[in-house]
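Take 43 as the starting number for the sequence shown in our numbering and just add one per residue. Worksheet: one structure, shown below.
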Amino acid sequence: MRERILKLLDEANTKLQENPEKKEKISKLDRTVCIELDDSENIFFEIKNGSITVVDHVVSPDIVVKSSSRDFSDILDKKLDPMNAYFSKKIVIKAKLMDKLLIANILK
Numbered sequence: 043m044r045e046r047i048l049k050l051l052d053e054a055n056t057k058l059q060e061n062p063e064k065k066e067k068i069s070k071l072d073r074t075v076c077i078e079l080d081d082s083e084n085i086f087f088e089i090k091n092g093s094i095t096v097v098d099h100v101v102s103p104d105i106v107v108k109s110s111s112r113d114f115s116d117i118l119d120k121k122l123d124p125m126n127a128y129f130s131k132k133i134v135i136k137a138k139l140m141d142k143l144l145i146a147n148i149l150k
């Protein structure tokens, strides 16, 4: 699962770099994110200056996403709607409201 998420983050970053409009939308963001899955080590990344960069560790991430690997995989495979997963607590996002919406947008 870790490799899959890292690949998706790389693809998302490539798409941002290729789409000036999307890059502009997130260019002013400066957020750190931690994805915690039940059977994998945590994945940390930064959204900064219009780019997504994987980092080794973040002391106090702005956004923490917790889920089982199975449910997270189902979200990525479009078998589970991210909003339904959130409301049924299959995915827990610890963040400010605007940051939760940002994560929902990234998962779509």
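Every residue gets a Cβ at the ideal spot worked out from N, C-alpha and C, and that includes glycine. Since the model is a prediction, treat every value here as computed from it, not as a measurement.
- Beta-bridge partners assigned by DSSP to Ile-105: Val-75.
- Per DSSP, the unbroken beta strand (DSSP E) holding Glu-88 starts and ends at 85–90.
- Taking 9 Å as the cut-off, the Cβ atoms of Glu-83 and Arg-46 do not count as close.
- Per DSSP, the continuous alpha helix (DSSP H) segment holding Lys-57 begins and ends at 44–60.
- Lys-120 places its beta carbon 9 Å or farther from that of Leu-79.
- The beta-carbon separation of Phe-87 and Val-101, rounded to 14 Å, does not stay under the 8 Å limit for a contact.
- Leaving aside the five residues that flank Ser-93 on each side, the residues in its chain whose CB is nearer than 7 Å to its CB run, in chain order, Asn-55 and Leu-58.
- Between the C-alpha atoms of Ser-69 and Val-134 there is a straight-line separation of about 26 Å.
- Leu-122 and Lys-49 have their C-alpha atoms roughly 20 Å apart.
- DSSP places Ser-93 in the uninterrupted beta strand (DSSP E) bounded by 93–97.
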